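**Q**
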Amino acid sequence: PPGTSGAAARAPSTGKPSVTSDSVINLDHGDPTMFEAFWRETGDAAELVIPGWQTMSYFSDVGNVCWFMEPLFDQQVRRLHRTVGNAAVDGYHVLVGTGSTQLFMAALYALSPADAAEPTSVVSTAPYYSSYPAVTDFLRSGLFRWAGDANSFVGDAYIELVCSPNNPDGAIRDAVLSSGAGKAVHDLAYYWPQYTPITRRADHDIMLFTVSKSTGHAGTRIGWALVKDREVARRMTKFVELNTIGVSKDSQLRAAKVLSAVSDGYVDGDASRHRLFDFGRRKMVERWRMLREAAAASGIFSLPAETSGRCNFANETAANNPAFAWLRCDREDVEDCAGFLRGHKILTRSGNQFGADPRYVRVSMLDRDDAYDIFIRRLASLK
Ligand code: PMP
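Its first residue numbered 129, the sequence shown is counted upward by one per residue in the UniProt record's numbering.
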């Protein structure tokens, strides 16, 4: 990934430790390598062989709005949402993208009126995902431009990005703006049972998801959008067509296979099955317990308070266990928490990249066990 100078060397999936006790630990990116341990145990359930003659055409399903989407991928996306109950799929168009990042850009394109005098303002409540301003503005589009924190926005034409649970702080969020001309895009990348209780079936106009965070397959670069309105779906598809003509079919088939293996884990009450969300929740509960203990042992860090809710999927009360820790350094003399942690060979992303105070940092909770354990030991020892 970009910007990893000074990063710990990544062992390419050999199973060997990639870090030692004096390594630089890179928790800047949300690289979901924690999930490798689960997929290693699943045998051939998510394995795929693609003969040389397959997936050669540009086209997949010419009758569909999203003409480059593999029908199998569409089916498995709908099946998984029905299994988990986290989002409505009936009456929605499914669109596939090269990561949900591409579909985020597609949504900006689709929701910005082509004939507006001014670029449409794109806003999100701070602290917001650092890619939102970066991706919105890097091509200096005349259609839309970043306008910062939704809470200080004045006007009635806007696109509000609503990330829930939120990256970086794990907060459960709703849109804060409402007006006739305003539009919302719901980024539900973390609305899965390993991270948060599934309290309702989300049914927003545009919802974005990704295998990067649901199953851990970030390298497959597959995301999807659930879109109610056909014209918006058509325009989003047009963006992907102009941007990359389509989306790798090989990746779509692999994602379909992986999503199918996840759903298969929950087809009946057979607890011997490989169950991704059970694995993920166990891991996240354990990691959050370790992190809270380490912060308490250190005495100089604070974390958001734990919240919980009734999970309709697990049928029990479950805590919110965010994929990132939003860590605050409480030491008076430390104004740059990321710099302070870098001095102790822990790489994190500074609060100022999320429109927030640099006393905060965002720490990935999804790295491999060996790196996470070293991070915890180091954090607990800081005074
Ligand atoms: N939305 C959010 C909130 C994210 O945290 C991420 C990944 N960091 C993405 C979107 C992008 O995911 P993808 O890998 O599917 O492009």
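Beta carbons are placed, not taken as given, at the ideal position from N, Cα and C, and that holds for glycine. Remember, predicted model here, so these are calculated numbers, not experimental data.
1) Near Asp-378, what residues of its chain come up, given a Cβ to Cβ distance below 8 Å and the 5 sequence neighbours on each side ignored?
2) In its own chain, which residues sit with a C-beta less than 6 Å from the C-beta of Glu-434, not counting the 5 before and 5 after it?
3) In this structure, how does DSSP classify Glu-460 when only helix, strand and coil are distinguished?
4) What's the gap between the Cα of Ala-135 and the Cα of Ser-146?
5) Per DSSP, Phe-272 forms a beta bridge with which residues?
6) Report the rounded CA-to-CA distance for Asn-480 versus Asp-315, giving the unit in angstroms.
7) Classify Asn-294 as helix, strand or coil using the three-state DSSP reduction.
8) Following a CB-centred definition, is Asn-154 positioned closer than 7 Å to any heavy atom of ligand 1?
9) Could you have a look at Gly-408 and say whether DSSP puts it in helix, strand or coil?
10) Please list, in chain order, all residues of the same chain as Ala-303 whose beta carbon is under 7 Å from its beta carbon, the five residues on each side excluded.
11) Can you grab the Cα-Cα spacing for the pair Ala-499 / Glu-164, in whole Å?
12) To the nearest angstrom, how far is the alpha carbon of Ala-508 from that of Asp-461?
13) Quick one: grab the DSSP three-state call for His-332.
14) Roughly how many angstroms separate the alpha carbons of Leu-431 and Gly-191, rounded to a whole number?
15) Compute the beta-carbon to beta-carbon distance between residue 119 and Leu-176, rounded to the nearest angstrom, for a pair I have assumed lies under 8 Å.
16) Can you list, in chain order, the residues of its chain with a C-beta nearer than 8 Å to that of Pro-247? Leave out the 5 residues immediately preceding and following it.
17) Which residues have a Cβ closer than 6 Å to any heavy atom of ligand 1, listed in chain order?
18) Are the segment 398 to 418 and the segment 248 to 257 touching by the rule of at least three beta carbon pairs closer than 8 Å?
19) Return the residue from the list Ala-285, Leu-231, Leu-305 that minimises the CA-CA distance to Leu-354.
20) Short check: CB of Arg-477 to CB of Ala-484, under 8 Å?
21) What number of angstroms, rounded off, separates the C-alpha of Leu-267 from the C-alpha of Val-250?
22) Taking a contact to mean a Cβ-Cβ separation below 8 Å, would you say Lys-511 touches Ser-426 in this structure?
23) Does the distance from the CB of Met-233 to the CB of Val-205 come in under 8 Å?
24) Give me the DSSP bridge partner(s) of Thr-226.
25) Where Trp-181 and Arg-358 are concerned, what is the direct C-alpha to C-alpha distance, given to the nearest angstrom?
26) Could you tell me which whole beta strand (DSSP E) segments of length 3 or greater appear in the segment 421 to 477?
27) At what residues does the beta strand (DSSP E) containing His-314 begin and finish?
28) Within the same chain, show all residues whose beta-carbon is closer than 6 Å to that of Ala-384, passing over the 5 residues directly before and after it, in chain order.
29) With contact counted as at least three CB pairs below 8 Å, one residue from each stretch, are the segment 216 to 224 and the segment 401 to 417 in contact?
30) Just grab the DSSP bridge partners of Arg-289 for me.
31) Residues in the same chain with beta-carbon distance under 6 Å from Trp-416, minus the five sequence neighbours each way, listed in chain order, please.
32) Using the Cα positions of Ala-137 and Lys-356, report the straight-line distance between them to the nearest angstrom.
**A** With the structure as the only source:
1) Here residue 378 corresponds to residue number 250 of the sequence shown, with the count starting at 1. Cβ-Cβ distances below 8 Å link Asp-378 to Ile-178, Thr-183 in the same chain, with the five nearest sequence neighbours on each side left out; the list follows chain order.
2) If you number the sequence shown from 1, residue 434 lands on position 306. Apart from sequence neighbours up to five positions away, the residues of its chain that approach Glu-434 with a beta-carbon distance below 6 Å are Ala-447, ordered along the chain.
3) Residue 460 sits at position 332 when you count from the first residue of the sequence shown. In the structure shown, Glu-460 sits in coil (DSSP, three-state: anything other than H, G, I, E or B).
4) In the sequence shown, the residue the question calls residue 135 occupies position 7. In the sequence shown, the residue the question calls residue 146 occupies position 18. Interpretation of Ala-135 is limited by its pLDDT of 44, a score under 50 that renders its predicted location unreliable; no figure is taken from the coordinates.
5) As a first step, residue 272 must be located in the sequence shown, where it is residue number 144. Phe-272 is bridged by DSSP to Thr-248.
6) Position 352 of the sequence shown holds residue 480. Position 187 of the sequence shown holds residue 315. Answer to the nearest angstrom: the Cα atoms are 21 Å apart.
7) Mapped onto the sequence shown, residue 294 falls at position 166. Note: Asn-294 maps to coil in three-state DSSP.
8) Sequence index remark: in the sequence shown, residue 154 carries index 26 (1-based). No, the beta carbon of Asn-154 sits no closer than 7 Å to any heavy atom of ligand 1.
9) The count along the sequence shown starts at 1 and reaches residue 408 at position 280. In the three-state reduction of the DSSP assignment, Gly-408 falls in the helix class.
10) Residue 303 sits at position 175 when you count from the first residue of the sequence shown. Contacts found: Glu-288, Val-290, Ala-312.
11) Position 371 of the sequence shown, counted from the first residue, corresponds to residue 499. Position 36 of the sequence shown, counted from the first residue, corresponds to residue 164. Taking the straight line joining both Cα atoms gives about 14 Å.
12) In the sequence shown, the residue the question calls residue 508 occupies position 380. In the sequence shown, the residue the question calls residue 461 occupies position 333. Near 19 Å, if we compare the C-alpha coordinates of Asp-461 and Ala-508.
13) Here residue 332 is taken as the residue at index 204 of the sequence shown, counted from 1. Three-state DSSP puts His-332 in coil, outside helix and strand.
14) Position 303 of the sequence shown holds residue 431. Position 63 of the sequence shown holds residue 191. Rounded to the nearest angstrom, the two C-alpha atoms are 49 Å apart.
15) Limits of the chain in this structure are 129 at one end and 511 at the other, which puts residue 119 out of reach.
16) The residue given as residue 247 occupies position 119 in the sequence shown. Ser-240, Ser-269, Gly-270, Leu-271, Phe-272, Arg-273, listed in sequence order.
17) Gly-158, Gly-227, Ser-228, Thr-229, Tyr-257, Cys-291, Asn-295, Asp-315, Ala-317, Thr-338, Ser-340, Ala-346, Gly-351
18) At 8 Å Cβ cutoff, the stretches do not touch.
19) Position 226 of the sequence shown, counting from 1, holds the residue named residue 354. If we check each option's Cα against that of Leu-354, Leu-231 comes out closest.
20) Residue numbering aside, residue 477 sits at position 349 when the sequence shown is read from its first letter. Residue numbering aside, residue 484 sits at position 356 when the sequence shown is read from its first letter. Going by C-beta atoms, Arg-477 is not nearer than 8 Å to Ala-484.
21) In the sequence shown, counting from the first residue as 1, residue 267 sits at position 139. In the sequence shown, counting from the first residue as 1, residue 250 sits at position 122. If I take the Cα positions, the gap works out to 14 Å.
22) Taking the sequence shown and counting its residues from 1, one reaches residue 511 at position 383. Taking the sequence shown and counting its residues from 1, one reaches residue 426 at position 298. In this structure, Lys-511 lies near Ser-426, with their beta-carbon atoms less than 8 Å apart.
23) Counting from one through the sequence shown, the residue named residue 233 turns up at place 105. Counting from one through the sequence shown, the residue named residue 205 turns up at place 77. Taking 8 Å as the Cβ cut-off, Met-233 and Val-205 do not qualify as a contacting pair.
24) Reading the sequence shown from its first residue, position 98 is the one you call residue 226. Thr-226 pairs with Ile-350.
25) For the purposes of this step, residue 181 is taken as the residue at position 53 of the sequence shown. For the purposes of this step, residue 358 is taken as the residue at position 230 of the sequence shown. Those two C-alpha atoms are separated by around 33 Å.
26) 436 to 439, 444 to 447, 452 to 457
27) Counting from one through the sequence shown, the residue named residue 314 turns up at place 186. Start and end: 311 to 315.
28) Indexing the sequence shown from 1 puts residue 384 at position 256. Here Ala-384 has Leu-200, Phe-201, Gln-204 as same chain residues with Cβ atoms under 6 Å from its own Cβ, once five neighbours each way along the sequence are excluded.
29) no
30) Working through the sequence shown from its first residue, we reach residue 289 at position 161. In the sequence under discussion, the amino acid at residue 289 is Leu, which differs from the Arg named in the question. In the DSSP output, where bridge partners are listed per residue, Leu-289 has Val-313.
31) Residue mapping note: residue 416 aligns to position 288 of the sequence shown, counting from 1. Excluding positions up to five away in sequence, the list reads Asn-449.
32) Mapped onto the sequence shown, residue 137 falls at position 9. Mapped onto the sequence shown, residue 356 falls at position 228. With a pLDDT of 46 at Ala-137, under the threshold of 50, the modelled position of this residue cannot be trusted, and the question is left open.
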